[in-house]
Amino acid sequence: MLRVGDAASAPPFPEAAKDSLANAQMRRNVRHATDVIRTKRATVVGEMPDWQQLREAARQIKAHVLRHLDAYLEDFERNCTNAGGTVHWARDADEANAIVTRIVQQYGGTEIIKVKTMTSDETRLNVALEQAGIVPYETDLADLIIQLGRDRPSHIVVPALHKNRHEIRQLFMEQMGISELGEEPAELANAARAFLREKFLHVPIGFSGANFLIAETGGVCVVESEGNGRMCLTLPKVLITLAGIEKVIPRLTDLEVFLQLLPRSATGERMNPYNSVWTGVTHRDGPQEFHVILLDNGRTEVLKDVEARSTLACIRCGACLNQCPVYRQTGGHAYGSIYSGPIGAILTPQLQGLQHSASLPYASSLCGACYEVCPVKINIPEILIHLRRRIVEDGQAPLAERLAMKGAALAFSGETPFTLAQATGRVMQRPFKSGELLRNLPGLLAGWTATRDLPAMPAESFRQWWSRR
Amino acid sequence: MLISLFITCYNDTLFPDTGKAVVNVLERLGHEVEFRSAQTCCGQMHYNSGYHADAAKLVRRFVDVFAGAEIICTPSASCVAMIRDHYPKVAAESGDPAFIEAVAALLPRVYEFSELLVDRLGVTDVGAAFAHTVTYHSSCHSLRSLGLRDQPLQLLRAVRGLDLRLLPGADECCGFGGTFSVKNPDVSTAMLADKLSAIRETGASVCAAADNSCLLQIGGGLQRAAAPVRCLHLAEILASTA
């Protein structure tokens, strides 16, 4: 089954946003965290004289890959296999989860240690593993917070961004059975370290996602900040990697572009503290068994739509979330998907079908802040409009909206219908007029007048003034 | 110079004073203004909402109405953004070479009002006087699509008696977003609340913009809060001489 987390059963965005907006503490946390990352990002991006050229290079590399994805994936498979890895192909989330479960069982495993990966949240791997009696341990600090709290990630890069340190301290004390714990970041990190170190040393199977798959070498690249990933990638005997098929890049040297763009865009760092690249297996060094699962799960459907294909160029930096004025109000949970913010608003509906998330393409004022910061130049506002068009042309838009748009199209069709519509409007507004303002309008406009006034149409339009001038 | 005014559908209907102000300023600068009354809407609302067949008709209509106009001026950055960013795509999709050519010929002649004054006509002092504290809201389209950063501020700085207060967080959206404000009223209102606090922080008594669409949102919020700040289109300030 094709799946994007539990997004198919999520409530529509406007409804979910209402709940998020009512959570003042969460909103303060999101505002604070995104402010911090935005400021850091602006500083380290500002010091790059060739930032725009880097963005353009990244856009072109990704566009090229997406045009020749089949060939690059086969290159990757061949080169990874030659280097001692095993490549698996998964059509959808269930297939991917089944492959992981089978591999773990094949090695007699009952536990795995995980590097931060969004893709396994997409397939809901942890749920599938638990059902098979396998215990997954998240080792990324934020993912650990999410797992211990049985919470949902609210940000692509910083999944626990909606939590502050007081909340995290409380959670650690309860879930790790610690009676005394301070709330300084170092103390919290130490508690997590003590909890995780023991897992690193005894769990023999590691699991990761991938930031990049390198076609020419068959190598895999993961970048991270904490070093927990490096532990999972080097200590276990067996390593399993799950990656979306769009993660492939042609050459090792392409990392030169992406490893400059990604950390600056994601966390405002010049370089990630840990950049791991490995190719197959190396005798007596690191994992001796290596499996890669290449996941489709709706991606080839996205690829088919030329107008929206660049959605797959995303390198999951989260810059668009931090910059988005909508995300900054609601946080990530309102998007009902592990992929939130502007990129989530275009990715989720495309992966799982527009009918399951028809409200997401409208969760944007089209302000363009996302496009401005996107390191691979995905024109998110254009794609949002394109998805709205697909909804309209599939006949899925609400009736009231369709009628309003038909009416407006008729009114704009010529001078006479337009002046007639203006005259009609001046008559129809009368019952709602309060001085020069309109209040308590019905229907589609009720949402507006609940919190804002609307000026009443003045007695004379501009064109009337002009014609008697 | 003969300047053809595209007033826009909503300014025509809701904000006629903005149109009068544009005419006033351009005539004061010695230009002749024409108004082609067959004009209606640029098609932005239909386009951004996904109703592309309806939008395409309005694009054709716009191109026909303004055929041959030397300069087209509009007091709405977001309508200019619609024309510049999307008209070529609409034309290309039609596959009609004459339409494609007409759009290509039209594009370089369309100007947003402050862009026309500063970038094309080279004027920053239009002889205006307005003795009030003013803050300026940059619409997202004016900033990110038209790249208007300094032009409106140059115009305001040249107005006699005007005390300009820069708006903190000037590149943040006010939450209007056309149908967004109706489809997502709660988020739109939350975004507006931040914009209103920034405006009030400046202590200005007037909030100006190059887009009455944003001012519809901002003004709607200010009025509901009974705040002592009124909204005025940039053109109306530039038209003022006392």
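Going line by line, the protein sequences match chains A and B.
With our numbering applied, the first sequence corresponds to residues -15 to 453, in that order.
With our numbering applied, the second sequence corresponds to residues 360 to 601, in that order.
Every residue gets a Cβ at the ideal spot worked out from N, C-alpha and C, and that includes glycine.
Rounded to a whole number of angstroms, what is the C-alpha to C-alpha distance between residue i and residue j?
| i | j | result |
| --- | --- | --- |
| A:R11 | B:L417 | 41 Å |
| A:V29 | A:N363 | 19 Å |
| B:L523 | A:A405 | 39 Å |
| A:R177 | B:D545 | 41 Å |
| B:S497 | A:L219 | 54 Å |
| B:A569 | B:H500 | 10 Å |
| A:A353 | A:P(-4) | 23 Å |
| A:N281 | B:V392 | 58 Å |
| A:R436 | B:R583 | 6 Å |
| B:C533 | A:D238 | 39 Å |
| A:A41 | A:V241 | 7 Å |
| B:L597 | B:G579 | 23 Å |
| A:D54 | A:E168 | 49 Å |
| A:M389 | A:W450 | 28 Å |
| B:Q398 | A:H340 | 39 Å |
| A:T400 | B:S599 | 33 Å |
Identify, in the order they occur along the chain, each residue of the same chain with its Cβ nearer than 7 Å to the Cβ of residue i, setting aside the five sequence neighbours on each side.
| i | result |
| --- | --- |
| A:G(-11) | D105, E106, R108, S321 and I322 |
| A:V14 | L145, H146, R312 and G315 |
| A:T101 | S192, G193 and L226 |
| A:G228 | T103, L279 and R283 |
| A:C301 | V141, L246, S249, A250 and P359 |
| A:Q272 | K221 and V265 |
| B:A428 | S363 and R468 |
| A:L132 | L155 and Q159 |
| A:R374 | L338 |
If we count the other Cβ atoms within 10 Å of its Cβ and call it buried at 16 or more, is residue i buried or exposed?
| i | result |
| --- | --- |
| A:S163 | exposed |
| A:L185 | exposed |
| B:E386 | exposed |
| A:N212 | buried |
| B:Y406 | buried |
| B:T538 | buried |
| A:D269 | exposed |
| A:L387 | exposed |
| A:R447 | buried |
| A:D59 | buried |
| B:G402 | buried |
| A:P382 | exposed |
| A:P365 | buried |
| A:N66 | exposed |
| A:Y91 | exposed |
Which residues in the same chain as residue i place their Cβ atom closer than 6 Å to its Cβ, once the five residues preceding and following it in sequence are excluded?
| i | result |
| --- | --- |
| A:V286 | T295, L296 and Q334 |
| B:R519 | A488 |
| A:I97 | Y121, T123, K183, V187, G190 and C216 |
| B:I366 | G378 |
| A:F416 | L422 and L425 |
| B:G528 | A557 |
| A:T433 | R423, N424 and L425 |
| A:I87 | I224 and H275 |
| B:A436 | E471, S498, H500, S501, L505, A569 and D570 |
| A:N259 | V207 |
Do the CB positions of residue i and residue j come within less than 8 Å of each other?
| i | j | result |
| --- | --- | --- |
| B:N571 | B:Y369 | yes |
| B:L521 | B:Y495 | no |
| B:Q513 | B:D478 | no |
| A:S348 | A:P326 | yes |
| A:A395 | B:D413 | no |
| A:R248 | A:R43 | no |
| A:V99 | A:L217 | yes |
| B:V439 | B:L505 | yes |
| A:I233 | A:I198 | yes |
| B:F535 | B:C573 | yes |
| B:V422 | B:L361 | no |
| A:M441 | B:L575 | no |
| A:V119 | A:E151 | no |
| B:A380 | B:E595 | yes |
| A:E200 | A:N81 | no |
| A:R372 | A:Y355 | no |
| A:I369 | B:G486 | no |
| B:D484 | B:A463 | no |
| B:L593 | B:S473 | yes |
Kindly give me the distance between the Cβ atoms of residue i and residue j, rounded to whole angstroms, as I take these residues to be in contact under 8 Å.
| i | j | result |
| --- | --- | --- |
| A:L421 | A:P439 | 6 Å |
| A:L461 | A:C298 | Past the edges of chain A, shown from -15 to 453, lies residue 461 of chain A, and the structure says nothing about it. |
| A:R153 | A:L172 | 6 Å |
Who are the Cβ neighbours of residue i in its own chain at under 8 Å, not counting the five residues just before and after it?
| i | result |
| --- | --- |
| B:Y470 | I430, I431, C432, T433, V439, D478 and R479 |
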